[in-house]
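The sequence shown: position 12 = -6 (the working numbering), numbered continuously. Note that the Cβ used here is the ideal one computed from N, Cα and C, for glycine as well. Please read these numbers as outputs of a predicted model, since none were measured by experiment.
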Amino acid sequence: MNDHYEECKHTSEKNVPIGWSTLSYSNETHVPVPEEPNSDSWQTVYFKRDKSRFTDLDGITVPLEIRRPDISIDFAGEQLYDVEDTLRYLNRREKKIATYWGEGPATKQWTPIIDKLIDTYKISAPRAGRILAAVHSGLNDAFIISWYFKFKWDIARPNQLNQELESFLDTPRHPSYPSGHATVAGTAEILLSYFFESEKDKLKDLAEECAMSRLYAGVHFPIDNSEGLRLGRHIGRLIVKQLEKQYDADGSKVDLRITEFKDANLIPPPYKQAIPFNREKDD
């Protein structure tokens, strides 16, 4: 379908009483100050912007895969209940997962994963640079596209629809739908699976855990995460199509997809950051 860019123009078209930009967070008296609200206008690497649409580098419109947040998604009912229920029964393991993936920006946990893959498979210096550039450029685009949809649809956060809700982690200062962490995770999964095909199952598990962590944190609805993951994976597949078009001076494809399995150590447990993250403490 090509209706992914259609606006939900009125609150009556969404199962939310009011938008993110007009509600305070729980225990606050003012509406939140948005984090980087203009980042959706920043330069993308693998896409171009044509007003309210994204195109590939050849100027062909790409209908991005994400469900419009219309009345078929019950944010203030079923979705909110799932968040409340998750927080009510949150266990130690889920808290560890939420904390691990929630420390720092959504790129923080993926960059060490790239380095581990490069080291495990003894990638040459030029190819290591290419992999790092391709993946990080893709994550840049994933952030920009997810921010576009966030501020376009202005979906409120769980702790705005339930003013008594206490999230496990602090709620970020931007709209809820879709999840930026989930979008970035989906893109990272697809791009890294392109280069390291033999590790695709573990990469999929990591992406899905990252997305689920935002529900455990109490800062996203389940649909934010599932649709963010879907969007991110689609972004990744579109980028792979661009990478596959690139050839070297001998007419050979630049990228050599790795099929040998060396079982890189990628899984987070015991959930310690590769680079420590220091949270700001209240005075």
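Any idea if residue i is buried or exposed, counting beta-carbon neighbours within 10 angstroms, 16 or more meaning buried?
| i | result |
| --- | --- |
| residue 103 | buried |
| residue 20 | exposed |
| residue 229 | exposed |
| residue 43 | exposed |
| residue 12 | exposed |
| residue 111 | exposed |
| residue 59 | exposed |
| residue 243 | exposed |
| residue 259 | exposed |
| residue -15 | Summary for residue -15: the model assigns pLDDT 40, below 50, so the residue's position carries little reliability; its value from the coordinates is reported in the next sentence. Flag for residue -15 reads exposed. |
| residue 231 | exposed |
Please work out which residues of its chain come closer than 7 Å, Cβ to Cβ, to residue i, disregarding the five sequence neighbours upstream and downstream, and give them in chain order.
| i | result |
| --- | --- |
| residue 216 | 46, 47 |
| residue 72 | 150, 198 |
Kindly list the residues whose CB is nearer than 8 Å to the CB of residue i, restricted to its own chain and excluding five residues on each side of it in sequence; keep chain order.
| i | result |
| --- | --- |
| residue 31 | 23, 37 |
| residue 241 | 179, 180 |
| residue -12 | For residue -12, the predicted model reports a pLDDT of 40, less than 50, meaning its position is unreliable and no value from the coordinates is stated. |
Return the CA-CA distance between residue i and residue j, expressed in angstroms with no decimal places.
| i | j | result |
| --- | --- | --- |
| residue 219 | residue 172 | 6 Å |
| residue 245 | residue 181 | 7 Å |
| residue 63 | residue 69 | 10 Å |
| residue 96 | residue 252 | 18 Å |
| residue 222 | residue 169 | 10 Å |
| residue 98 | residue 176 | 16 Å |
| residue 0 | residue 235 | 50 Å |
| residue 49 | residue 210 | 10 Å |
| residue 85 | residue 233 | 43 Å |
| residue 247 | residue 188 | 12 Å |
| residue 3 | residue 129 | 14 Å |
| residue 107 | residue 250 | 26 Å |
| residue 18 | residue 238 | 37 Å |
| residue 160 | residue 118 | 20 Å |
| residue 61 | residue 205 | 7 Å |
| residue 34 | residue 137 | 18 Å |
| residue 131 | residue 157 | 9 Å |
| residue 186 | residue 6 | 35 Å |
| residue 142 | residue 57 | 11 Å |
| residue 184 | residue 76 | 19 Å |
| residue 193 | residue 224 | 26 Å |
| residue 14 | residue 153 | 10 Å |
| residue 91 | residue 226 | 26 Å |
| residue 66 | residue 148 | 9 Å |
| residue 115 | residue 167 | 16 Å |
| residue 145 | residue 16 | 19 Å |
Between which two residues does the alpha helix (DSSP H) harbouring residue i extend?
| i | result |
| --- | --- |
| residue 32 | First-last for residue 32: 30 to 32, but that is the beta strand (DSSP E), not the alpha helix (DSSP H). |
| residue 98 | 92 to 102 |
If I follow the unbroken beta strand (DSSP E) through residue i, where does it start and stop?
| i | result |
| --- | --- |
| residue 37 | 35 to 37 |
Ignore the nearest five residues each way along the sequence and tell me which others in residue i's own chain have a CB closer than 6 Å to its CB.
| i | result |
| --- | --- |
| residue 100 | 110 |
| residue 256 | 94 |
| residue 165 | 124, 128, 210, 213, 214 |
| residue 196 | 161, 163, 202, 207 |
Any alpha helix (DSSP H) of 4 or more consecutive residues that is wholly inside the stretch 161 to 216: 162 to 177, 182 to 198
Completely contained alpha helix (DSSP H) runs for the stretch 56 to 90, where each covers 4 or more residues: 62 to 70, 74 to 84
Within the stretch 128 to 155, ranges of the alpha helix (DSSP H) (whole runs, at least 4 residues): 140 to 143
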